[in-house]
Every structure is written in structure tokens, then in C-alpha cells.
DNA sequence: TTGTAGGCGTTATCAT
DNA sequence: ATGATAACGCCTACAA
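Residue numbers (full-length UniProt numbering), protein chains in the order written: chain A, 1 to 340; chain B, 1 to 340.
This is the structure in C-alpha cells:
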């Protein structure tokens with residue numbers, strides 16, 4: 001058991017002053033080569049490492065980033081997190097993570113907790129409840145205090161800050177057009193309740209594609225599923241009661257559930273009904289047939305978000321750079337659940 | 001833009017001393033009700049919150065826990081992490097996370113980085129490379145410095161610390177016996193290279209079950225797959241060249257891959273071949289048929305690990321409590337990929 | 001009832 | 001070339 005050693009310890013042992021030790025270890029040329037060597041050898045032997053906390057206090061920066069995501073079990077957030085972690089680490093930052101669990105209160109409490117000195121900035125994707133309540137005072141307050149925030153994916157226009165989002169609308173249009181090219185004309189959409197900005201955008205993209213191609217919108221072909229429930233029955237009804245030859249799903253769970261129902265009903269994927277889902281996760285890769293999906297490039301989003309944040313934090317006080325929004329281009333990965 | 005306010009600021013504004021402010025905010029009865037009220041009102045108005053960093057420095061404890069896991073995309077680690085986060089937060093701790101990415105170096109570097117004051121203790125699952133190298137000096141050093149560590153899942157006997165593991169061997173035996181009860185007698189095992197303690201234990205459990213039931217071991221029925229590669233061909237060969245009526249897989253990816261191959265080859269699951277996988281993740285739930293799996297109760301493991309760590313950290317210096325190993329009982333979730 | 005002083009570990013500035 | 005001092009924000013034993 002050898003507790004951590006401090007500058008003071010070294011100073012005492014070597015009978016010099018603390019500041020001499022500090023300077024010597026920083027290779028200051030104020031100190032004679034002789035003492036420098038002595039001190040360095042001693043420090044090395046006892047494996048001296050400066051105390052991060054003391055440095056944080058002195059420098060008024062922690063080199064920690066707070067990441068707040070709604071959920072860590074979802075593949076998309078997981079990949080974004082990876083990207084953040086990767087870039088942050090490469091820049092010497094640690095990542096403190098909080099799961100809001102889609103709860104407004106948890107989001108607020110966790111952020112306030114971290115904001116009291118533990119982190120230099122936040123990367124955040126809004127919880128469902130926050131988007132539903134449409135209440136962003138906690139974010140405004142943090143920004144007011146000078147703590148930078150980067151929003152990704154689940155963002156809001158009501159907060160002025162750097163953002164990283166997907167071209168949800170555009171890629172949805174592209175997906176639907178992929179159906180149309182293959183001859184589909186009874187195209188369905190399976191989505192979530194619409195307080196999510198992303199679901200909303202995806203729906204817009206879907207509608208846009210229909211419009212651009214002179215097709216009429218049939219509201220019956222839009223299925224809005226409630227959150228966190230077993231939706232199998234709803235989905236089954238949906239496919240029984242409607243004539244459908246293609247379906248766009250806003251996440252991969254819906255996609256794989258639809259596929260399962262469709263096959264159960266005796267249809268063939270993709271010949272009778274084609275499917276495209278969002279999120280190129282593990283489900284999409286291991287289903288049969290493999291799912292055509294919208295790859296959201298989560299890792300790229302994460303890296304970009306981290307870069308935005310660190311750039312802003314390190315541009316010491318020349319902070320008033322205008323806020324940027326980076327749009328990450330999703331791509332369609334064509335696999336077995338669509339024709340072509 | 002209103003920067004954070006400090007005790008000093010309050011003291012200056014209210015023309016009292018810093019310690020008076022400090023005491024007042026802690027409701028010390030040394031201070032007159034009058035000044036307390038004045039100070040509290042002011043503090044509340046300016047939304048004073050003590051600076052965590054200063055507290056950490058003073059108290060020599062950060063209330064941060066470092067979590068090091070090999071991978072965040074794997075469902076199992078994700079759920080364990082959830083459990084850790086949940087318990088830690090409820091006890092007022094933050095969680096700093098590092099992904100070792102199965103790399104020894106990343107594991108070492110990250111841990112050393114955090115160990116310099118950023119965290120009070122670690123929860124860790126060993127990286128593949130660390131287990132392969134069998135080198136744990138970094139952990140020993142940290143323990144030497146008085147930093148507590150809790151290992152989970154991927155553990156080693158070479159380190160004396162609290163541990164949380166699964167009854168891998170027992171549950172594997174149980175799984176194989178489930179096959180046997182249903183009439184199987186050509187039971188295969190699909191596993192990873194054996195430097196993982198968990199794979200090793202699962203194999204032992206498999207062998208034990210065969211032995212207990214008077215069945216002979218056929219080495220041909222044990223398929224060892226390399227890490228991170230497309231194994232489809234190996235798996236296909238395996239099922240073509242061997243007569244098999246049941247297969248136990250050490251993770252759910254292998255399980256779902258096997259199922260896919262089996263169905264491709266024209267067999268029926270579970271009638272021709274039954275399957276059981278480890279990890280009750282999303283793949284198992286959304287495959288068809290749904291997979292019978294070993295639920296590892298990751299969240300429980302995480303909570304338990306966090307409890308071990310926090311207990312030890314908070315039992316100030318009466319530390320020499322003996323190290324405990326908690327064995328979490330996995331359970332078999334019977335679904336469509338097995339008979340019964 | 002209030003204030004002073006010292007310390008947590010480090011660095012920067014200003015002596016000596 | 002080396003050391004003393006102050007400061008980061010907070011707490012607390014001890015004075016006043």
C-alpha cells in the first residue's frame with residue numbers, strides 16, 4: 001500500500017521547496033540540471049503523477065465532458081457515444097455519462113449535478129419527456145452560465161447552440177423513392193408519436209416523396225405506434241386491413257417486427273412487401289432477409305459533436321463564434337428486404 | 001451570461017466573511033437566524049451551488065466511479081452499465097466511462113489517467129487482450145495505491161478484489177440438460193477462443209452435463225470461432241459435416257447466426273435442431289422463432305458491482321474487510337428455439 | 001455570533 | 001538557481 005505521492009512529499013524528502021519541484025518536473029530552465037535530475041529520478045521512482053483535481057481547480061477546467069443520452073441500450077446512441085468517447089479521449093478529455101432514461105427530471109438533475117464544476121461542457125440528445133414538455137429552461141440556464149452545449153439528433157430550435165443532426169427528411173424521401181423505383185405504389189410508414197423532431201422529419205420526407213411522385217397520401221397507411229409496448233397486434237391488424245407493398249419504419253425494431261408479422265401472414269419479403277428501417281444496427285444485420293436500412297453514421301455524429309464542443313471550449317473566450325449545425329448525410333444500405 | 005457564484009462572491013456582496021457564508025448555508029446554529037436568512041436568500045437568488053472540484057480536493061474524494069468495459073455495443077455490457085449507473089446515481093456518484101476496446105494498452109492508459117484523482121474506485125471487466133496476455137500489473141498497482149476495484153464477468157483469480165460473476169458453468173449445464181430432456185443427444189457447442197474465463201466456464205458446464213448424463217464428448221461438435229470475422233462459412237461447414245440436434249452458443253450473435261444457417265440448410269428450428277444462446281438481448285427477442293437464451297441479468301450484476309464498490313469506498317479505512325465474490329444466478333428463458 | 005487561518009495539490013509571480 | 005507567497009473554492013478548528 002503506497003499512497004499517491006505529491007509535490008510536497010517530494011519536496012520534503014529531497015529537502016527543496018515545492019515550487020522547485022514543480023518547476024523541475026516541468027523542465028524549467030530556471031532549475032539546475034543537477035537538481036532537476038535528482039527530482040525527476042525521485043518522481044519517476046515513486047511514480048509521481050499530478051493530481052487532476054488540483055489541476056482542475058487551478059485551471060478552472062476539468063477536461064471532462066458530460067454526455068447525456070436518453071438511453072444506452074439503443075444501438076444508435078451507443079454508436080454516437082463511441083464516437084464521442086473516441087474523439088474526446090484522443091484530445092485528452094474524459095467522458096462522464098448520464099442516462100436521462102427519457103425522463104425530464106433525470107435530465108435536469110443530472111445536468112445540474114455535473115454542471116457544478118465536474119464538466120466543461122455537455123453533449124446531449126433530448127429525452128422524450130423533455131421534447132414533449134417542450135421545456136428547455138435548464139439548458140438555457142447552463143448556456144447562461146457559460147457552459148457550452150452541443151445537441152445531437154434530438155434537437156430543438158429553441159436553443160441556440162451547436163448541433164449535429166441527420167438529414168432525416170432527405171433520406172426518408174430517398175428511401176421511399178427507392179421503393180417507388182422498384183415499382184411500389186402502396187407505401188406505408190410506421191412511426192412513433194410525433195413529439196420527436198426526428199420522427200416528424202422522417203414523416204415529412206415520406207410525404208415529400210409521395211408528392212414529388214404524384215402519389216396521393218393515404219392516412220390509413222401511416223401507423224403511429226405508442227412507445228414501449230408490445231405492438232405486435234397493432235402491426236398485424238395494420239397489415240391485414242391495408243393493402244401495402246412497401247413499408248418505411250422509423251427504427252429497426254419496428255422494421256424487424258413488421259418483417260416478422262409480414263412473414264407470419266404468409267407474404268414474402270421483399271417480393272410481396274419491401275421494408276426499409278432506420279438504424280443500421282445488429283437487428284438489421286442478422287435478420288433474414290437482412291434489412292435494407294438507413295445508416296445514421298452514429299459514430300461520425302458523435303465525433304463531430306465532440307469536435308464542436310471541444311473546439312468551442314478551447315477557443316478560450318473568443319467564444320462568440322456563430323453556432324453551427326452540421327448535417328450528417330445518412331446513407332441507404334441496400335440489402336435483402338428491398339428489391340434491387 | 002451570469003457566471004457561477006462562489007462563497008467568496010456572496011461574502012463580498014453581503015459584507016460578511018467567507019466562513020460565515022459557508023456556515024450559514026450549512027444551517028450551522030453558530031450563525032444568527034437573521035444573517036442565515038439573508039445569506040440563504042441571496043444564495044438562492046443567485047443559484048449558488050458548491051463547486052464539486054473544490055469539494056473533491058478538500059475531501060479527497062470525488063464521488064466519481066470509473067467504469068472500464070471492453071465494448072459498449074454489446075448488449076450485455078450495456079445492461080451492466082445501466083445497473084451501475086442506476087445504483088451509483090442513487091448514491092450520489094457520477095460514472096466516468098472508458099471503453100478499452102478489447103485493448104490492453106487502452107485499458108492501462110485510461111485507468112492511469114483516471115486514477116490520478118479523477119475517480120475514487122473502478123468497476124472493470126477485463127479486455128480480451130488483457131486476458132490473453134494475462135498481465136494485471138496495472139490493476140495491482142492501483143490496488144496498491146489504495147484504489148478499490150470491482151471486477152465483473154471477465155475476472156481473474158490473480159487479483160484479490162471484490163467480484164461479481166455469473167454461474168456460467170452451472171447455467172451451461174442446465175441449458176444442455178434442457179436439450180437432453182427434450183431428447184437431444186448430438187449436442188454441439190459454439191464458442192470463442194478460450195482465453196476468456198467465461199467461455200472456458202461455459203465449456204466446462206457443457207462437458208459436465210454430457211458427463212453427468214453418461215454421454216461421450218465428441219470434439220467435432222465443439223466449434224471454436226475466431227473473434228470478429230464473418231463466420232458464416234465456418235458455421236455452415238460445421239452443420240453440414242456433423243449430425244447435430246441441438247447447439248449451445250456462448251453469445252446471441254453466434255446463436256442467431258447458427259439459426260440462420262440452419263434454416264438456410266433446410267432444417268427446422270426447433271424440431272430438427274434446437275438452439276440456446278447466451279445474452280437475452282434484442283437479437284434473441286426479435287428472431288423467429290424467438291431464441292431460448294441464458295439471461296445474464298446484467299443490470300443486477302451492475303447494481304451489485306456498484307454496491308460492492310461504494311460499500312468499500314465508504315467504509316472509511318476499515319477497509320480490510322475480506323473480498324467477496326457474488327455469483328449472480330443466470331436463468332434460462334425458454335422460447336421458440338427449443339422444444340418444451 | 002462572527003471572523004481568521006490553514007490546508008487540500010498545483011502553478012505562476014515575484015522575491016532572494 | 002531556489003524559495004516564498006498567493007490563488008483556485010471550500011471547509012473547519014480555533015480565535016475574538
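Backbone N, C-alpha and C define an ideal beta-carbon position, used for all residues, glycine too.
8 angstroms Cβ cutoff, residue i in contact with chain B
i: residue 122 (chain A); result: no
i: residue 45 (chain A); result: no
i: residue 172 (chain A); result: no
i: residue 54 (chain A); result: yes
i: residue 322 (chain A); result: no
i: residue 312 (chain A); result: no
Residue i to residue j span [Cα, whole Å]
i: residue 335 (chain A); j: residue 276 (chain A); result: 9 angstroms
i: residue 80 (chain B); j: residue 298 (chain B); result: 4 angstroms
i: residue 324 (chain B); j: residue 4 (chain A); result: 26 angstroms
i: residue 209 (chain A); j: residue 326 (chain A); result: 23 angstroms
i: residue 188 (chain A); j: residue 248 (chain A); result: 6 angstroms
i: residue 176 (chain A); j: residue 166 (chain B); result: 46 angstroms
i: residue 257 (chain B); j: residue 307 (chain A); result: 37 angstroms
i: residue 25 (chain A); j: residue 10 (chain B); result: 37 angstroms
i: residue 105 (chain B); j: residue 181 (chain B); result: 46 angstroms
i: residue 129 (chain A); j: residue 272 (chain A); result: 38 angstroms
i: residue 31 (chain B); j: residue 18 (chain B); result: 13 angstroms
i: residue 233 (chain B); j: residue 223 (chain B); result: 12 angstroms
i: residue 122 (chain A); j: residue 59 (chain B); result: 26 angstroms
i: residue 158 (chain B); j: residue 55 (chain B); result: 35 angstroms
i: residue 137 (chain B); j: residue 274 (chain B); result: 43 angstroms
i: residue 339 (chain B); j: residue 191 (chain A); result: 35 angstroms
i: residue 270 (chain A); j: residue 241 (chain A); result: 19 angstroms
Coarse secondary structure for residue i, derived from DSSP in three states
i: residue 34 (chain B); result: helix
i: residue 274 (chain A); result: strand
i: residue 53 (chain B); result: helix
i: residue 182 (chain B); result: coil
i: residue 98 (chain A); result: strand
i: residue 304 (chain B); result: helix
i: residue 221 (chain A); result: helix
i: residue 326 (chain B); result: strand
i: residue 331 (chain A); result: strand
i: residue 269 (chain A); result: coil
i: residue 161 (chain A); result: coil
i: residue 66 (chain A); result: strand
i: residue 126 (chain A); result: coil
i: residue 155 (chain A); result: coil
i: residue 188 (chain B); result: strand
i: residue 295 (chain B); result: strand
i: residue 246 (chain A); result: strand
i: residue 92 (chain A); result: coil
8 angstroms contact criterion, which residue i and residue j should meet: CB distance rounded
i: residue 328 (chain B); j: residue 164 (chain B); result: 6 angstroms
i: residue 68 (chain A); j: residue 111 (chain A); result: 6 angstroms
i: residue 147 (chain A); j: residue 115 (chain A); result: 6 angstroms
i: residue 252 (chain A); j: residue 293 (chain A); result: 6 angstroms
i: residue 99 (chain A); j: residue 71 (chain A); result: 7 angstroms
i: residue 201 (chain A); j: residue 168 (chain A); result: 4 angstroms
i: residue 75 (chain A); j: residue 282 (chain A); result: 6 angstroms
i: residue 117 (chain A); j: residue 53 (chain B); result: 4 angstroms
Proximity test, Cβ basis, 8 angstroms: residue i and chain A
i: residue 251 (chain B); result: no
i: residue 88 (chain B); result: no
i: residue 1 (chain B); result: yes
i: residue 78 (chain B); result: yes
i: residue 82 (chain B); result: yes
i: residue 127 (chain B); result: no
i: residue 153 (chain B); result: no
i: residue 200 (chain B); result: no
From the options, residue whose alpha carbon lies closest to that of residue i
i: residue 45 (chain A); options: A:283, A:54, A:59 and A:13; result: A:13
i: residue 199 (chain A); options: A:177, A:254 and A:239; result: A:254
i: residue 96 (chain A); options: B:65, B:305, B:288 and B:73; result: B:65
i: residue 43 (chain A); options: A:20, A:30 and A:63; result: A:20
i: residue 422 (chain B); options: B:6, B:139, B:264 and B:194; result: Past the edges of chain B, shown from 1 to 340, lies residue 422 (chain B), and the structure says nothing about it.
i: residue 61 (chain A); options: A:332, A:238, A:314 and A:339; result: A:314
i: residue 300 (chain A); options: A:84, A:138 and A:215; result: A:84
i: residue 151 (chain A); options: A:197, A:206 and A:230; result: A:197
i: residue 103 (chain A); options: A:141, A:131, A:330 and A:37; result: A:131
Residue i CB to nearest heavy atom of the ligand GTP below 7 angstroms
i: residue 307 (chain A); result: In terms of ligand content, the structure shown is empty, and the ligand GTP therefore cannot be addressed.
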